[in-house]
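K.L.:
Sharing a structure with you now.
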Amino acid sequence: MKEYKTITEISGPLVFAEVDKPIGYDEMVEIETADGEIRRGQVLESEDGLVAIQVFEGTSGIDKNAFVRFQGETLKMKLTEDLLGRVLSGSGEPIDGGPAIEPEKREDIVGAAINPYAREYPEEFIQTGVSAIDGMNTLVRGQKLPIFSGSGLPHNELALQIARQASVPEEEAGGEGSEFAVIFGAMGITAEEANEFMDDFERTGALERSVVFMNLADDPAVERTVTPRMALTTAEYLAFEKDYHVLVILTDMTNYCEALREIGAAREEVPGRRGYPGYMYTDLAQLYERAGRIQGSDGSVTQIPILTMPGDDDTHPIPDLTGYITEGQIYVDRDLNSQGVQPPVNVLPSLSRLMDDGIGEGLTREDHADVSDQMYAAYAEGEDLRDLVNIVGREALSERDNKYLDFADEFESEFVDQGFDTNRDIGETLDIGWDLLSNFPKEELNRIDEELIADYYREEATEEEATAD
């Protein structure tokens, strides 16, 4: 292994060095400082006679007297089933005080794209235990469904709730099939948030079936670009070689994109929209498209990336590009949060594009699609009437309008608001929906099949209301 002492420039997280032979893109590098400290890095750019190296541990303490050694291979993740229950740094090193990782194999973290022809269409229901997701925006195995949130909102609590509660009820009922695992990739979070995550994982026992990657806010930004790739490489190994159903939760993608912008600025690239790199769409797609199912494999990779929208602006490049690539989004709403609704999910702008294929008889329940459609319509009408009430007052509304207004309030307080510790199965979620819809006369339920109304409509709900009147 040849050593170079040819560093010409240090700029932010980048080190530039002269070389006398071709160096491969993404090749791993060791940099030894004058006092003997070893730093790891990766080749970001390679031209004739000059390479740009991004240093994972930061460039402070590196000067032109440092030695540069090129490893001749790209960054690889050590993989074994024993990773379950472990806590790793953002670059894949154990930080839980446990033994060193004895890998079964080592895989390149960039990963190979799934051949579209080999993909199997996602259509099996994943139960998160959260009514606003299961009932109205159902998550399907192999889907990528991001959570759009804002700073100061409880998206981390929602992520932890999903990590604790997520299950595949179809296979649990059969008593067979693949095991369920959670990969949790945290990027740029504070030490306080990291402690909350770890306390929750350990308290609830969720750590046993999880692999946690932690990149803290004071860790180098360069490491942040590696963390999601480490997490997804681990997920693909567990899913496609060990037949696990893997749920990957990545938080916070905004911090990841900020790291891309920082590195782009250090490389003096021509910036794109709002200073982010022009290739950010491609970069995000390389991550999000690693979700899916493959024909002939029992396992699956499902992604829930979480991003905080700067200024709650969903036209910002990060949520905008994410929405193009992913199959829907879950909106965490500031107004609902201020009213004390937990989790504060706003179902109206939320969407799961694969929901229709993952629900219904044999998957969830035969009334699921109709109940969801009817609740959407009723809640949307109730929301419109709230605006009207602000102008004309409630007394000016008809009895029918008042029912829709009451439904909107009850939908938020009884269906959406369940707390972060309540785990509802899909049957319980749909039953609550019927309890709310049964306050309407049957003729108002024009989106539900008459046979389903005959089976599920709660007559006593309307009778109790009539008695109260």
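7 is the number that full-length UniProt numbering gives to position 7 of the sequence shown; each next residue is one higher, with no gaps. We put the beta carbon where it would ideally sit given N, CA and C, even for glycine. Just so we're clear, the structure is a prediction, and the values are computed from it rather than from any experiment.
1. Please classify Gln165 as buried or exposed, where buried requires at least 16 neighbouring CB atoms within 10 angstroms.
2. Can you grab the Cα-Cα spacing for the pair Arg52 / Gln286, in whole Å?
3. Rounded to whole angstroms, what's the CA-CA distance from Ser372 to Glu459? Just pull it up for me.
4. In the DSSP assignment, find the unbroken alpha helix (DSSP H) run with Ser131 in it and report its ends.
5. Between the region 389-408 and the region 417-424, do at least 3 Cβ pairs fall closer than 8 Å?
6. Run through the region 110-195 for me and flag every whole alpha helix (DSSP H) of 4 or more residues, listed as ranges in chain order.
7. If you reduce the DSSP assignment to three classes, tell me which class Pro94 lands in.
8. Would you say the region 149-156 touches the region 106-121, given that touching needs at least three Cβ pairs under 8 Å?
9. Return the chain-ordered ranges of every alpha helix (DSSP H) run that is complete within the region 275-303 and spans a minimum of 4 residues.
10. Say whether the region 305-317 touches the region 126-143, bearing in mind that this needs 3 or more beta-carbon pairs closer than 8 Å, one atom from each stretch.
11. Just checking Arg209 against the ligand NAP - is the residue's beta carbon closer than 8 Å to any of the ligand's heavy atoms?
12. Quick one: give me the first and last residue of the alpha helix (DSSP H) that Gly328 is part of.
13. Where does Met253 sit, in a helix, a strand or coil, going by DSSP?
14. To the nearest angstrom, how far is it from the Cα of Gly296 to the Cα of Leu216?
15. Taking the C-alpha atoms as reference points, what is the distance between Glu356 and Thr138?
16. Quick check on Val110 - is its C-beta less than 9 Å from some C-beta in chain D?
17. Need the endpoints of the alpha helix (DSSP H) that Met355 sits in, please.
18. Within a Cβ cutoff of 8 Å, which residues of the same chain sit near Ala291, ignoring the five residues on either side of it in sequence?
19. Rank Pro103, Leu405, Gln127 and Ser91 by C-alpha distance to the C-alpha of Thr80 and give the top, closest one.
20. Quick one: give me the first and last residue of the beta strand (DSSP E) that Glu418 is part of.
21. CB Gly72 to CB Val43, shorter than 9 Å?
22. DSSP puts His316 in a beta bridge; with which residues?
23. Would Leu348 be called buried (16 or more neighbouring beta carbons within 10 Å of its own) or exposed?
24. Measure the C-alpha to C-alpha separation of Gln329 and Leu354 and round it to an integer number of angstroms.
25. Rounded to whole angstroms, what's the CA-CA distance from Ile183 to Glu93? Just pull it up for me.
26. Check Ile31 in the structure and name its three-state DSSP category.
27. State the DSSP-derived secondary structure class of Thr227, mapped to helix, strand or coil.
28. Alpha carbons only, please: which of Glu208, Asp417 and Ser398 is nearest the one belonging to Asp82?
29. Look up Tyr4 in the DSSP assignment and give the residues it is bridged to.
30. For the region 231-249 and the region 267-276, state whether three or more C-beta atom pairs, one from each stretch, are separated by less than 8 Å.
31. Rounded to whole angstroms, how far is the Cβ of Gln374 from the Cβ of Ile448, which I believe are closer than 8 Å?
32. Under the assumption that Met1 contacts Arg106 (Cβ atoms under 8 Å), give the Cβ distance between them as a whole number of angstroms.
33. With distances taken between CB atoms, is the gap from Ser46 to Glu27 smaller than 9 Å?
34. In angstroms, rounded to a whole number, what distance separates the CA positions of residue 471 and Ala194?
35. Under three-state DSSP, which class holds Gly433?
P.N.:
Taking the geometry as given:
1. As a working mapping, residue 165 is identified with position 165 in the sequence shown. Its Cβ being crowded by 16 or more others within 10 Å, Gln165 is buried.
2. The sequence position of residue 52 within the sequence shown is 52, counting from 1. The sequence position of residue 286 within the sequence shown is 286, counting from 1. The sequence as given places Ala at residue 52; Arg does not occur at that position. Straight-line Cα distance between these residues: approximately 22 Å.
3. Position 372 of the sequence shown holds residue 372. Position 459 of the sequence shown holds residue 459. Distance between the alpha carbons of Ser372 and Glu459 is about 20 Å.
4. Stepping through the sequence shown from its first residue, residue 131 is reached at position 131. From DSSP, the alpha helix (DSSP H) with Ser131 extends over Ser131 to Asp134.
5. no
6. 131-134, 155-165 and 169-174
7. As a position in the sequence shown, residue 94 is number 94, starting the count at 1. Residue state, collapsed to three classes: strand.
8. no
9. 280-288
10. no
11. Among the ligands in the structure shown, none appear at all, so the ligand NAP cannot be discussed.
12. By 1-based counting over the sequence shown, the position of residue 328 is 328. Element bounds for Gly328: not the alpha helix (DSSP H) but the beta strand (DSSP E), Gly328 to Val332.
13. The count along the sequence shown starts at 1 and reaches residue 253 at position 253. Of the three classes helix, strand and coil, the one that applies to Met253 here is helix, per DSSP.
14. Within the sequence shown, numbered from 1, the residue matching residue 296 stands at position 296. Within the sequence shown, numbered from 1, the residue matching residue 216 stands at position 216. Rounded to the nearest angstrom, the two C-alpha atoms are 38 Å apart.
15. Counted from its first residue, the sequence shown places residue 356 at position 356. Counted from its first residue, the sequence shown places residue 138 at position 138. The identity of residue 356 in the sequence shown is Asp, whereas the question assumes Glu. Computed Cα separation, rounded: 8 Å.
16. Here there is only one protein chain, and chain D is not present.
17. The residue given as residue 355 occupies position 355 in the sequence shown. Note, Met355: alpha helix (DSSP H), Met355 to Gly358.
18. The residue given as residue 291 occupies position 291 in the sequence shown. Correct list, in chain order: Gly142, Gln143, Lys144, Val248, Val301, Thr302 and Gln303.
19. For this step, residue 80 is matched to residue 80 along the sequence shown. Closest by alpha carbon: Pro103.
20. Walking along the sequence shown from the start, residue 418 turns up at place 418. For clarity, residue 418 is Gln in the given sequence; the question names Glu instead. Premise fails: Gln418 is in no beta strand (DSSP E) and is neither H nor E.
21. Residue mapping note: residue 72 aligns to position 72 of the sequence shown, counting from 1. Residue mapping note: residue 43 aligns to position 43 of the sequence shown, counting from 1. No; because the gap between Cβ atoms is not below 9 Å, this pair is not in contact.
22. Along the sequence shown, read from residue 1 onward, the residue named residue 316 stands at position 316. Partner(s): none; His316 has no beta bridge.
23. Start at 1 with the first residue of the sequence shown, and residue 348 comes out as number 348. Exposed, by the Cβ-count rule.
24. Numbered from its first residue, the sequence shown carries residue 329 at position 329. Numbered from its first residue, the sequence shown carries residue 354 at position 354. Rounded to the nearest angstrom, the two C-alpha atoms are 11 Å apart.
25. In the sequence shown, counting from the first residue as 1, residue 183 sits at position 183. In the sequence shown, counting from the first residue as 1, residue 93 sits at position 93. Their backbone Cα atoms lie some 15 Å apart in a straight line.
26. Sequence index remark: in the sequence shown, residue 31 carries index 31 (1-based). Ile31 falls in the strand class under three-state DSSP.
27. Taking the sequence shown and counting its residues from 1, one reaches residue 227 at position 227. Helix, per DSSP.
28. Locating residue 82 in the sequence shown gives position 82, counting from the first residue. The option with the nearest alpha carbon to Asp82 is Glu208.
29. Walking along the sequence shown from the start, residue 4 turns up at place 4. According to DSSP, which records beta bridges pairwise, Tyr4 is partnered with Val68.
30. no
31. Your numbering for residue 374 matches position 374 in the sequence shown. Your numbering for residue 448 matches position 448 in the sequence shown. About 5 Å separates the two Cβ atoms, so the contact holds.
32. Counting from 1 along the sequence shown, the entry for residue 1 is found at position 1. Counting from 1 along the sequence shown, the entry for residue 106 is found at position 106. Not a contact, Cβ separation roughly 18 Å.
33. Walking along the sequence shown from the start, residue 46 turns up at place 46. Walking along the sequence shown from the start, residue 27 turns up at place 27. Cβ atoms of Ser46 and Glu27: closer than 9 Å.
34. Missing from the structure shown is residue 471; the chain here goes from 1 to 469 and no further.
35. Position 433 of the sequence shown holds residue 433. Helix, per DSSP.
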